[in-house]
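Heads up: the sequence shown is residues 1069 to 1578, going by our numbering.
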Amino acid sequence: MTVTRTEPMLIHQAFEEQVKRSPDATALATADTKVGYAEANERANRLAHYLRGLGVGGEQRIALLLEPSADYVITVLAVLKAGGCYVPLDSGYPAARLTAILDDTRATVVITRRELLPRLAGHEIRTVLLDDEPGLFAVADDSNPDLPADPDDLAYVVHTSGSSGRPKGVMVSHRGVVRLVREPVWVRLGPDEVIPLLTSICFDVSMFEIWGALLNGGCLVVEPGATTSLRALGRVVRDHGVTTMWLTAGLFHTVVDEGVEALRGVRQLLAGGEAPSAVHVRKALTAHPGMRFINGYGPTEATIFAATHTVDSPSGTGRSVPIGTAVEGTDLRILDDRLEAVADGEPGQLFIGGAGLARGYLHRPALTAERFVPDPYGDGSGSRLYATGDLCVRRPDGAIEYLDRIDRQVKVRGFRVELGEIEATVRCHPAVRDVAVAAHGDSPETRLLVAYPVLDPAIAPAPGTALSELRSWLRDQLPGHMVPDVWRVLPRLPLTSNGKVDRKGLPAPF
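If you want it as structure tokens, here you go:
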């Protein structure tokens, strides 16, 4: 059946298009159940009408305290269809974190399950229990709610860490999501794709996994625990025929080093969160000829991905993997402190503009004004740029390369040092699986660079000898002031719950 595509549209409207195209296709797959597009839509509609009866609508923020499941995805659809804005909550969060998010969002309703109610103790907020399915999903009306809506309406609010210790709520619109995942050019998405939900539902990449599948007629696999071990990951990939998946750079490195066979059958592998190692990309593509690797870059404030770079063969990588070029509907500019463009090859701060920009930070107008600035290169219609805080450079081939966080530039004995450049260089040594580099000390004159390498035991069975060789090799690659003073070998790098390197979790240098 041919469905005319109209632009722009909302997330749930794009899903409803897929329901018309392939009502009987599998939308959601778990370990023991499958839910078709039509069934998922009808269940979401019933819950949406129920929520409308509670007064939900008008971008009201509805918190979801649920485990990843088919019901979670259907509930998200229902909130959007009802005109609400969803706020994902991780049931594993500490009570203080849940309280901070609920207080920040001022959610009017929490949708949860009975066994999770104790996590809401002390909160005076209306709850809807999914356990009461006869009451929620037995609503007679299973038609698509017909509500006035705008693509710039909020779809969700996700929270990122704030330097003050107070999480920042990032307000993301329907437009930002749809522009990224609906019939994109930068990645192959369609009815043949099987994509697993591997990331935390509170991490914005989960929105790519969910909507990348469901807005293109694909199948979303929901199996909690798939990343708890390489065996579990390999089983999910094998049992469901996974074709496209996203991993944090840290987890990607671990999979390549310890169980690259878990990726067998995957046609597209996306990674991000941090800079992926070019060495690991080559290893992955060598082990699985025909697989595409996509480095996805983007802060939450720019809706998941703002730039991507595709590598199709092991020979397609150099010393590092660039973040690449802008995705559709996105502008990328590298500017200096006066918001003037820097020359190609010169480092500057990356600024992002376009349809993917978030509305701003919830209840934080001053911070929003600080990070989302008027676009001096715009057409005067109120366009904005987001200041990423990332130091980048545009290469001669037009691709943008990430260097480091601006706040990770440190002064060491009078020299300005980019820690990310040291890490990228150390990763090029064949004995190194991964590495983190940190600066210790308050004074630039006495500050030390500390390297925390993870060595490959097959290549470096004697760590002491390997470190001596590594230091000698690095002196031929970098200026002396960039060679770490202290080296501490780790079995693996500590990771945060989002799969990024936990730099606060690195041990003391001595």
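We put the beta carbon where it would ideally sit given N, CA and C, even for glycine.
Since we're looking at a predicted model, the values are computed, not measured.
What is the residue span of the alpha helix (DSSP H) that residue i lies within?
| i | result |
| --- | --- |
| Gly1280 | Val1273 to Leu1282 |
| Ser1540 | Pro1531 to Arg1543 |
| Lys1351 | Ala1346 to Ala1355 |
| Ala1163 | Ala1163 to Thr1173 |
| Lys1088 | Ile1079 to Arg1089 |
For residue i, which of the options has the nearest alpha-carbon?
| i | options | result |
| --- | --- | --- |
| Thr1195 | Val1494, Ile1130 and Ala1164 | Ile1130 |
| Phe1083 | Gly1333, Val1245, Arg1401 and Val1240 | Val1245 |
| Val1518 | Ala1526, Arg1306 and Gly1509 | Gly1509 |
| Val1253 | Pro1186, Val1323, Thr1378 and Ala1208 | Thr1378 |
| His1549 | Val1480, Ala1175 and Trp1314 | Val1480 |
| His1321 | Tyr1454, Val1569 and Phe1276 | Val1569 |
| Arg1427 | Val1103, Arg1243 and Lys1088 | Arg1243 |
| Val1087 | Thr1564, Leu1282 and Thr1180 | Leu1282 |
| Ile1658 | Thr1385, Glu1408, Val1226 and Ala1455 | Only positions 1069 to 1578 of the chain appear in the structure, and residue 1658 is not among them; the question remains open. |
| Ser1241 | Asp1272, Ile1391, Arg1256 and Met1359 | Asp1272 |
| Asp1200 | Ile1079, Thr1180, Thr1094 and His1191 | Thr1180 |
| Ser1297 | Glu1277, Leu1266 and Leu1288 | Leu1266 |
| Thr1393 | Val1500, Cys1460, Ala1352 and Val1289 | Cys1460 |
| Pro1382 | Gly1573, Lys1351, Arg1187 and Glu1135 | Lys1351 |
| Ala1189 | Leu1133, Pro1529, Glu1085 and Ala1409 | Leu1133 |
| Leu1418 | Ala1528, Asp1399 and His1356 | Asp1399 |
| Val1485 | Asp1502, Arg1501 and Ala1507 | Ala1507 |
| Ser1565 | Pro1531, Asp1553 and Leu1319 | Leu1319 |
| Gln1081 | Lys1149, Thr1173 and Ala1108 | Lys1149 |
| Gly1293 | Glu1135, Ala1530 and Pro1529 | Glu1135 |
Using 8 Å for Cβ pairs, my map puts residue i next to residue j. What's the rounded Cβ distance?
| i | j | result |
| --- | --- | --- |
| Glu1261 | Thr1316 | 20 Å between Cβ atoms; not a contact. |
| Glu1489 | Leu1471 | 6 Å |
| Leu1561 | Val1551 | No, Leu1561 and Val1551 are not in contact; Cβ-Cβ is about 20 Å, not under 8 Å. |
| Leu1119 | Ala1138 | That pair is no contact at about 18 Å. |
| Tyr1520 | Leu1558 | 5 Å |
| Ser1388 | Glu1469 | 6 Å |
| Ala1534 | Leu1523 | 6 Å |
| Arg1473 | Tyr1454 | Going by Cβ atoms, the distance from Arg1473 to Tyr1454 rounds to 15 Å, so no, they are not a contact pair. |
| Glu1329 | Gly1302 | 7 Å |
| Val1289 | Ala1576 | About 41 Å; that fails the 8 Å criterion. |
| Asp1412 | Arg1476 | The Cβ separation is near 23 Å, so there is no contact. |
| Asp1223 | Ile1079 | The amino acid at residue 1223 is misidentified as Asp; the sequence shows Ala. Correct: roughly 6 Å between the Cβ atoms. |
| Asp1209 | His1308 | About 33 Å; that fails the 8 Å criterion. |
Would residue i pass as a contact of residue j if the rule is Cβ separation under 9 Å?
| i | j | result |
| --- | --- | --- |
| Leu1331 | Leu1338 | no |
| Ile1269 | Pro1162 | no |
| Gly1285 | Pro1259 | yes |
| Phe1361 | Val1349 | yes |
| Gly1567 | Gly1280 | no |
| Leu1184 | Ser1159 | yes |
| Gly1397 | Gly1424 | yes |
| Gly1152 | Val1124 | yes |
| Ala1492 | Ala1343 | yes |
| Pro1235 | Arg1165 | yes |
| Met1077 | Pro1219 | yes |
| Ser1345 | Arg1495 | yes |
| Ala1099 | Glu1369 | no |
| Arg1452 | Pro1442 | yes |
| Leu1430 | Gly1416 | no |
| Met1359 | Val1323 | no |
| Leu1154 | Thr1143 | Contrary to the premise, residue 1154 reads as Tyr rather than Leu in this sequence. In this structure, Thr1143 lies closer than 9 Å to Tyr1154 by Cβ. |
| Ala1375 | Gly1366 | yes |
| Pro1390 | Ala1504 | no |
| Trp1555 | Arg1539 | yes |
| Pro1464 | Leu1407 | no |
| Ala1499 | Cys1287 | no |
| Ala1106 | Pro1091 | yes |
Which residues bound the beta strand (DSSP E) around residue i?
| i | result |
| --- | --- |
| Arg1017 | Residue 1017 is absent from the model: the chain starts at 1069 and stops at 1578. |
| Val1584 | Lying before the first or after the last residue shown, residue 1584 is absent from the chain, which here runs from 1069 to 1578. |
| Pro1521 | Leu1516 to Leu1523 |
| Pro1156 | Cys1153 to Leu1157 |
| Ile1362 | Arg1360 to Tyr1365 |
| Gly1548 | Looking at the DSSP string, Gly1548 is not in any beta strand (DSSP E), and its letter there is neither H nor E. |
| Thr1094 | Thr1094 to Ala1097 |
| Thr1228 | Leu1222 to Thr1228 |
| Cys1287 | Cys1287 to Val1289 |
| Leu1338 | Gln1336 to Gly1340 |
| Pro1216 | From DSSP, Pro1216 is part of no beta strand (DSSP E); its letter is neither H nor E. |
| Ile1179 | Val1177 to Thr1180 |
| Pro1562 | Note, Pro1562: premise wrong, no beta strand (DSSP E); not H, not E. |
Jot down the residue ranges of each uninterrupted beta strand (DSSP E) in the segment 1105–1147, minimum 3 residues, whole runs only, in chain order. You should have 1129–1133.
Entirely within the segment 1372–1443 and at least 3 residues each: give me those beta strand (DSSP E) ranges in chain order. List check, beta strand (DSSP E) in window: 1375–1379, 1398–1403, 1416–1422 and 1440–1442.
If you scan the segment 1446–1501 from start to end, which runs of the alpha helix (DSSP H) of 4 or more residues do you find wholly inside it? The segment 1446–1501 contains these whole alpha helix (DSSP H) runs: 1487–1494.
Would you mind listing the alpha helix (DSSP H) stretches within the segment 1292–1319 that are 4+ residues and don't spill past its ends, in chain order? 1298–1308, all fully within the segment 1292–1319.
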